[in-house]
Amino acid sequence: RKEVEQDPGPFNVPEGATVAFNCTYSNSASQSFFWYRQDCRKEPKLLMSVYSSGNEDGRFTAQLNRASQYISLLIRDSKLSDSATYLCVVRVTGRRALTFGSGTRLQVQP
Amino acid sequence: DAGVIQSPRHEVTEMGQEVTLRCKPISGHNSLFWYRQTMMRGLELLIYFNNNVPIDDSGMPEDRFSAKMPNASFSTLKIQPSEPRDSAVYFCASTTDRNTEAFFGQGTRLTVV
């Protein structure tokens with residue numbers, strides 16, 4: 240079983256739609272959580288960190304449920320420029336390295 | 020401010036040849052990571068260094084792979100001999116002890132024919 244699991248998609252949504260991605264992690268020693276974004280043929284870049292209390296950055300909302308070992312990302316009012324692969328990322332206590340999910344591909348259509 | 024710099028950006032080589040990938044981390048960053056990305060397996064950690072010392076190399080697929088970090092500003096990932104199944108995008112990333120974000124280079128796209 241992979242340490243970080245995501246639905247690969249693709250999610251095809253119209254502009255303006257709200258879309259949600261989910262992710263589960265298996266290691267209970269996971270300490271830090273992130274969403275990274277990766278555009279086609281580019282490197283991953285940090286989108287936002289995920290805090291226990293939930294956090295929002297503009298149209299993006301991230302939530303963490305430690306009891307269920309579950310992370311979510313909500314994108315409101317989708318734009319064409321949101322089309323990318325969204326990677327769920329976890330850091331385990333005592334390790335510097337990040338563990339990546341396989342990513343969920345989003346395609347926003349006009 | 021220059022980010023993580025990787026070279027070459029693309030490499031096409033024949034099976035059996037030695038391949039060397041290079042990475043220059045962001046100045047001041049003391050942790051460096053090598054990842055490999057394929058369609059089938061996603062992003063996998065190969066090895067990471069902290070203060071130039073290899074900390075975890077459990078992701079290195081086999082003895083054909085080796086990595087070095089001779090100083091704080093340079094690392095190499097070597098594959099010898101290369102095989103077609105090594106074809107992938109290899110990313111280098113760096114961060115600091117206080118920073119939660121890892122910064123990635125643009126990657127090296129390796130094709131072994």
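The listed protein sequences correspond, in order, to chains U and F.
So in my numbering, the last spot in the first sequence is 349, and the numbers never skip.
So in my numbering, the last spot in the second sequence is 132, and the numbers never skip.
By construction, the Cβ of each residue, glycine as well, lies at the ideal position given by its N, Cα and C atoms.
Every unbroken beta strand (DSSP E) inside the stretch 43-72 of chain F [3 residues or more]: 50-57, 61-69
Straight-line gap, U:Arg344 to F:Tyr54 (C-alpha atoms, nearest Å): 20 Å
Beta-carbon proximity of U:Phe260 to U:Tyr325, cut-off 7 Å: yes
F:Thr119 Cβ short of 6 Å to the ligand HEM heavy atom set: By its list of ligands, the structure shown contains no ligand whatsoever, and the ligand HEM lies outside what it can speak to.
Within-7 Å CB hit, F:Thr57 to chain U: no
Three-state secondary structure (DSSP) of U:Arg330: strand
Buried/exposed call for U:Gln277, threshold 16 Cβ in 10 Å: buried
Given 8 Å, three or more beta-carbon pairs between the stretch 308-322 of chain U and the stretch 23-38 of chain F: no
Neighbour flag for U:Ser291 against chain F, beta carbons, 7 Å: no
Distance between U:Gly248 and F:Val72 (C-alpha atoms, nearest Å): 38 Å
Beta-carbon spacing of F:Phe110, F:Ile98 below 7 Å: no
8 Å contact criterion, which F:Ser50 and F:Thr114 should meet: CB distance rounded: 5 Å
7 Å Cβ cutoff, F:Ser113 in contact with chain U: no
Under 9 Å (Cβ pairs) to chain F, residues found in the stretch 269-296 of chain U: Ser271, Phe273, Tyr275, Gln277, Arg280, Lys281, Glu282, Pro283, Lys284, Leu285, Ser288
F:Tyr67 at chain U interface by Cβ criterion, 7 Å: yes
Members of the stretch 67-82 of chain F that neighbour chain U once the beta carbon cut-off is set at 8 Å: Tyr67, Asn69, Ile74, Asp75
Same chain, Cβ closer than 6 Å to F:Thr130, neighbours up to 5 away in sequence not counted: Val31, Ser106
Environment of U:Ser307 [buried if 16+ CB atoms lie within 10 Å]: exposed
Start-to-end residues for the beta strand (DSSP E) that takes in F:Leu96: 93-98
Chain F contact residues for U:Gly342, given Cβ-Cβ distances below 7 Å: Gly61
Start-to-end residues for the beta strand (DSSP E) that takes in U:Cys279: From DSSP, U:Cys279 is part of no beta strand (DSSP E); its letter is neither H nor E.
Short Cβ contact (7 Å threshold) for U:Glu242 with U:Ser265: yes
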